[in-house]
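Per my numbering, the sequence shown runs over residues 49 to 333. Have a look at the structure below before the remarks.
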Amino acid sequence: MSTTDSTTARPGEGAWQPRLVALDIDGTLLRWVDGTGTTSEALSDKVRDAVRRAYDMGAQVVLSSGRSIHAMTGIADLIGIPDAGADRLWIVAANGAVVSRYPPAEVVHEETFDARAAVQAILERRPNVLVAVENRGVGYRMNRPFPEGELGGDRTITPVEEMVAEPVSRVIIRDPDATPEDFLALGRELGLHGIDYVVGYTAWLDLTPVGVSKASGLSYVCDQLDLEPGDVLAIGDGRNDVEMLEWAGRGVAMGNAPDEVQAIADAVTAHVADDGAALELSRWF
């Protein structure tokens, strides 16, 4: 059960301190632009300073997002991390399917799957959906253009059959004329055996390999750093953050998160418009 207040230590522990801070980007670090389904690419000073303070105090800061790698490195640059000559950052991209180091951006771990059957089943029910897969490090391949601002990098129009001919790390399904509830129902209807899926704030469906989530990507990072889930403070706002928030020693939902995300969190901080991530980080750093 979530609360609207964070305490200064984990329940049952007198002096817990996060050793790794896992941060979602859109709706957590960056504010949503009303009516667009996209976020501003500008960090508030409070959020930037809070993240930077955690980094300066020795925490491992890991950006953990559904974004592709090339759409995440600029956020690290905005924060101003890592320091010159310091260890490279860990970045968990594509909802956990891709783990990289930065700078320079280098993929160190990737999970892929055969998406052909799932995509075909979706197209049979919704033939007009937009489909995209990441062209890693460059941009996206898509069957038709997505709404402006939703995908970054180079965008190449490609037949769906060609996009999923080889294993991929993630498939994006988008329908600007549908609702998130429509896509939640679609996921339940399809079953999608062998594949995990998550629905975003809009009619946006991410298909990933079974068992792959931000939690699995962060678990890989922790293994490399000899850390445990109990060492992690995670902050997020979306349905794709649920596994991460449940897995982390302290999982905090943003005040703008859907009710089902807030319900599984250890605590709920303020809305992204009120710099909720900075408020939570300031309790520890």
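Note that the Cβ used here is the ideal one computed from N, Cα and C, for glycine as well.
- Around the beta carbon of A305, 16 or more other beta carbons lie within 10 angstroms, which makes this residue buried.
- Counting along the chain, A326 sits inside the alpha helix (DSSP H) bounded by residues G324 to S330.
- Of all alpha-carbon atoms in E229, A132, G265 and I127, the one lying nearest the alpha-carbon of A141 is that of G265.
- Counting only the Cα atoms, G133 lies some 31 Å from D289.
- DSSP lists M190 and I220 as the bridge partner or partners of A180.
- A buried status is given to Q108, since no fewer than 16 other beta-carbon atoms sit within 10 Å of its beta-carbon.
- In terms of CA proximity to L91, G128 leads the group G128, S217 and Y268.
- When beta bridges are read from the DSSP output, A141 appears opposite V146.
- For the pair R222 and P215, the Cα-to-Cα distance works out to about 20 Å.
- The stretch 160–175 makes contact with the stretch 204–219, as at least three CB pairs between them are under 8 Å.
- Taking L327 as the centre and dropping the five residues before and after it, the same chain places the C-beta of T317 and A318 closer than 6 Å to its C-beta, in chain order.
- If you look at E214, you'll find it isn't in any beta strand (DSSP E); DSSP assigns it neither H nor E.
- Of the residues assessed, N143 falls on the buried side of the cut-off, its CB having 16 or more other CB atoms within 10 angstroms.
- Where R96 is concerned, the enclosing alpha helix (DSSP H) starts and stops at D93 to D104.
- One thing to note: L68 has its Cβ within 9 Å of the Cβ of V280.
- In summary, P207 is exposed, with fewer than 16 beta-carbon neighbours lying within 10 Å of its beta-carbon over all protein chains present.
- Your pair V260 and D244 checks out as a contact, with CB atoms roughly 6 Å apart and the cut at 8 Å.
- In the DSSP assignment, Y245 forms a beta bridge with L255.
- The beta carbon of G200 sits closer than 6 Å to the beta carbons of A119 from its chain, once the five residues preceding and following it are set aside; these are given in chain order.
- Distances from the alpha-carbon of E209 to those of W80, V181 and F194 put V181 closest.
- Shown here, F333 sits in coil according to DSSP, grouped into three states, outside any helix or strand.
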